[in-house]
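S.K.: Let me give you the structure first, and then I'll get to my questions.
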């Protein structure tokens, strides 16, 4: 009997089923340093324990995206091993910071199923929750993927498509307990621009770029225990290229966005995202952002900005789709998220 | 007077001599994270402090192979700087887990010497012991290497060839104190297969592959303070290639073996191993295992499996040697080890 | 209004001005492990907490050069973003070891200004001080760079050129509090050569070499939050090459110097340094040292050696400049520093 994991096929999912993903992971000082080594991450709240204390937190948490990568990585063997396409994200919320010594676990509930008309694939919707060693949720998000059927004769399940918010309402976002930006130090943070300085519709070119290396994306992707073959095995794709984990591009673009958004300190919501074009080693990733919305909170000194973060391989700024409604070839990522910013 | 280390030559070794290797090393959260970043390591006992506690340990230890690499790395300047061939390993036993904050030190006793008939080289056998800061042994193993003579006129020493076990008897293996698999969580560990599910002779194709990068093998090899020139200096070999540290291939193959052997949690014995062919960057390492033996223990829930772990550069499975008795060109590593597994 | 940092131009600096650089940084076990992974670092004081305790310190500090890189990295956005040349270093002193958990902050005082005769650029001298979370200085150094003017009409400032020591007098160096080499373990440190064994004028070829990889220098440079475009973006220079951060070469050469200078344990002074030729990936860095001076101290067992550390890309030893007084093309680095050594 085969001992290796064949992954799940479309007909293996049942609405309401909860999948407890394997291999919990303790994170700490090493993951924090590696995050700063792999991405040009400079947001002060994640760089300095002292700065974090000044914002009401006990110490610097693990970068929000690192927490996402760890939670996401665990789902790969159960959700996307036989996926043919990663279709979308929605309703991602960070619910509690992750600190050194925390152990993360992921579980996914199947919340939607829809077989495609070709009878060979179907779309699976899961809501994934990451929890810490005390059973407290640290984040949840919805993801949907197109998965192959193994048994083409398996009957199509009843169609269930979840209703998802295109944008998480600001009042549903969770600001970390204790956060307080009323004594925020703009000089140490690196930029003077506060919440009131950003206008809806404003576009920010983050200027800097990083050329992607095979060793770096593999080190990052392994660190999150995402072991999808396509990222590591140059013999897997016919063209001999290793496809770069989309999360590597997300983290790279977010880190680059420091230059212009140094005070967009914590990510609290992920409204959606598309990996517009595949990324390969040798490309130079640059990024720009657009302010999509703003909201106030009742937390001292804390405002919310909704940002579009676009990563490119051609340095273009401002445009994402062509007249045909398709992503331009130089666009790698189109992400829509909420962050907290000092008012 | 030259201040740099010329290494030892064959005539410099004496039977019974104990060499205390330099540069003790404190390991911690950084080494743990880097191990997960450099190898697709997913064994739950090393990934999650909570899982390790559920198995009776105080926290996740450093990966057994990382401990081996640290202990081994220290021996290089004294044992293999002038080696022309790494001939074998035997009787390797892990005696105590290594935890964050431990400081490792290595010492080697010369247990065998045999000059070759050409008078230019000889074989040196050492038993190396790694100890922690309390002087407790954490592992020991025998290694033999062929070393050059510097002074060809030096007399041949009396021939001493140690008798070594081809396989460590199961009763000589040390199960870490406190280990208890009676409440082992197979779901969190990632696979349902227990000790009773594996049959002697069974072959497992671990399916996944990783293409080797220069930066990755150098980062790994340096981390263990193994500074043999041939791994780092592209001008050293006539072909301009950097030879990859054999231990990098061992760790890569062991990590890949998670897929099918997720419950072979801890390595407790190294019966032998051969680096069948040299490994260079650009090759894609895959792995397969064969169950060679099984044994029971008196520790709650803990069984032993003896595994052959084979790493390949061509994805082949099942064959290691040709009709001529030589290793096939696609075989990189042929390792024989004991691991603990929940019954 | 542009939100990104345009950097400072020559006319933006004022004598006596103190610039508090952004993004303090907490360092720890991860940075320590990464330093050992990126450089062949083996000095025992930084490798083993036990060895450091034996020398009177509470535990292994962060490598002196890592502390320098962190302090230096913070200055880049304010000092060298519009620099056209990095002209020199002087009077660098390590004032206090940096331990895991420390948070570093940098500030620079403008101590010199001199507009060039072309009216387009000028030289800026700053004295940078790194402090920990208790406000204690951990190091300071002078650096001068040539910076572009943005407004060519801006009036030239009064010329102020600081008087700098070509060599820091030994009595001005700070030996870490508590350091005591009277029970120094030469065997564990890796070499028997003590302070008395080195002669002024002695040249040591460190023999080993490391071929530079893009992924490695970028990982290192990012870790210190040095985000100068030229190190990361292959589209930035017309030749498509990424210029390697000079500090990467410094750390590589210093780590290589273990072989022959294993007991030059801590760096306490930086007299000066020149990045003689640019370094690019693919080059193989080797190093040699010359003993420039020696001094005694009143600290038990501790002597001082002044060393010239030269990194090369061609393996040459002993010569740095040609008859024309210019650096030879194979010289990458010419550094002059003070280190402590057991007497």
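Residue numbers (the numbering used here), protein chains in the order written: chain A, -16 to 326; chain B, -16 to 326; chain C, -16 to 326.
For each residue, glycine too, the CB sits at the ideal point set by N, CA and C.
#1: What do you get for residue 237 of chain A, buried or exposed, if any count of 16 or more other CB atoms within 10 angstroms of its CB means buried?
#2: I'd like to know if residue 65 of chain C contacts chain A, where contact means its C-beta is closer than 9 Å to some C-beta of that chain.
#3: Going by Cα to Cα distance, which pick from B:15, B:-5, B:185 is closest to residue 84 of chain B?
#4: In the DSSP assignment, the alpha helix (DSSP H) including residue 4 of chain C goes from what residue to what residue?
#5: Looking at chain B, which residues of the segment 5 to 27 of chain A have a Cβ within less than 9 Å of any of its Cβ atoms?
#6: Is the beta carbon of residue 57 of chain A sitting closer than 9 Å to the one on residue 17 of chain A?
#7: Indicate whether residue 192 of chain B and residue 97 of chain B have their beta-carbon atoms separated by less than 9 Å.
#8: With distances taken Cα to Cα, identify the nearest neighbour of residue 189 of chain A among A:244, A:232, A:282.
#9: For chain B, find out if any of its Cβ atoms is closer than 9 Å to the Cβ of residue 233 of chain A; answer yes or no.
#10: Taking only three categories from DSSP, how would you classify residue 271 of chain C?
#11: Identify every run of the beta strand (DSSP E) within the segment 98 to 134 of chain A, keeping only runs that are complete inside it and at least 3 residues long; order them along the chain.
#12: For the pair the segment 307 to 315 of chain B and the segment 276 to 296 of chain B, tell me if three or more CB-CB distances fall below 8 Å.
#13: Of all the residues that make up the segment 208 to 224 of chain C, which are near chain A by a beta-carbon distance shorter than 8 Å?
#14: Does the segment 68 to 83 of chain C come within contact of the segment 147 to 155 of chain C, defined as at least 3 CB pairs closer than 8 Å?
#15: Can you give me the Cβ contacts of residue 210 of chain A inside the same chain, cut-off strictly under 7 Å, excluding the 5 residues immediately before and after it?
#16: Along chain A, in chain order, which residues have C-beta atoms closer than 8 Å to that of residue 290 of chain B?
#17: Taking all protein chains shown into account, do 16 or more other C-beta atoms lie within 10 angstroms of the C-beta of residue 187 of chain B, making it buried, or fewer, making it exposed?
#18: Mind listing, in chain order, the continuous beta strand (DSSP E) runs of no fewer than 3 residues lying wholly within the segment 167 to 240 of chain C?
#19: Starting from residue 245 of chain C and walking both ways along the alpha helix (DSSP H), at which residues does that stretch end?
#20: CB-CB under 6 Å to residue 39 of chain C, same chain, minus the five flanking residues each way: which ones, in chain order?
#21: Consult DSSP for residue 309 of chain B and reduce its assignment to one of helix, strand or coil.
#22: Can you give me the Cβ contacts of residue 284 of chain A inside the same chain, cut-off strictly under 7 Å, excluding the 5 residues immediately before and after it?
#23: Would you call the segment 209 to 226 of chain C in contact with the segment 25 to 34 of chain C, where contact means no fewer than 3 C-beta pairs closer than 8 Å?
#24: Show which residues of chain B have a CB atom less than 7 Å away from the CB atom of residue 198 of chain A.
#25: Are the beta-carbon atoms of residue 224 of chain B and residue 264 of chain B separated by less than 9 Å?
#26: In the DSSP output, what is residue 76 of chain C paired with across the bridge?
#27: Quick one: is residue 248 of chain C near chain B, going by C-beta distance under 9 Å?
#28: Of all the options B:63, B:112, B:178, which has the alpha carbon lying nearest to the alpha carbon of residue -12 of chain B?
#29: With DSSP as the reference, please indicate the residues paired to residue 294 of chain A in a beta bridge.
#30: Nearest by alpha-carbon distance to residue 226 of chain C: which of C:242, C:198, C:292, C:253 is it?
#31: Quick one: measure Cβ to Cβ for residue 290 of chain A and residue 274 of chain A, integer angstroms, because I've assumed they're closer than 8 Å.
#32: What does residue 303 of chain B pair with, by DSSP beta-bridge criteria?
#33: Nearest CA to the CA of residue 280 of chain C: which residue from C:246, C:308, C:157?
#34: With 16 as the cutoff for other CB atoms within 10 Å, does residue 286 of chain B come out buried or exposed?
#35: If we call anything under 9 Å between Cβ atoms a contact, is residue 240 of chain A one with residue 171 of chain A?
#36: Rank A:71, A:135, A:12, A:-4 by C-alpha distance to the C-alpha of residue 319 of chain A and give the top, closest one.
M.R.: Put simply:
#1: buried
#2: no
#3: B:15
#4: Neither: residue 4 of chain C is in no alpha helix (DSSP H) and is coded neither H nor E.
#5: 5, 6, 7, 8, 9, 10, 11, 12, 13, 14, 15, 16, 17, 21
#6: no
#7: no
#8: A:244
#9: no
#10: strand
#11: 104 to 114, 120 to 131
#12: yes
#13: 208, 210, 212, 215, 216, 217, 218, 219
#14: yes
#15: 59
#16: Residues of chain A passing the Cβ test: none, with the nearest at roughly 12 Å.
#17: buried
#18: 186 to 194
#19: No alpha helix (DSSP H) contains residue 245 of chain C, which DSSP labels as neither H nor E.
#20: 161, 162, 163
#21: coil
#22: 163, 164, 165, 167, 325, 326
#23: no
#24: 196, 198, 199
#25: yes
#26: C:123, C:252
#27: no
#28: B:63
#29: A:270, A:316
#30: C:198
#31: 6 Å
#32: Beta-bridge pairing links residue 303 of chain B to no other residue.
#33: C:157
#34: buried
#35: no
#36: A:71
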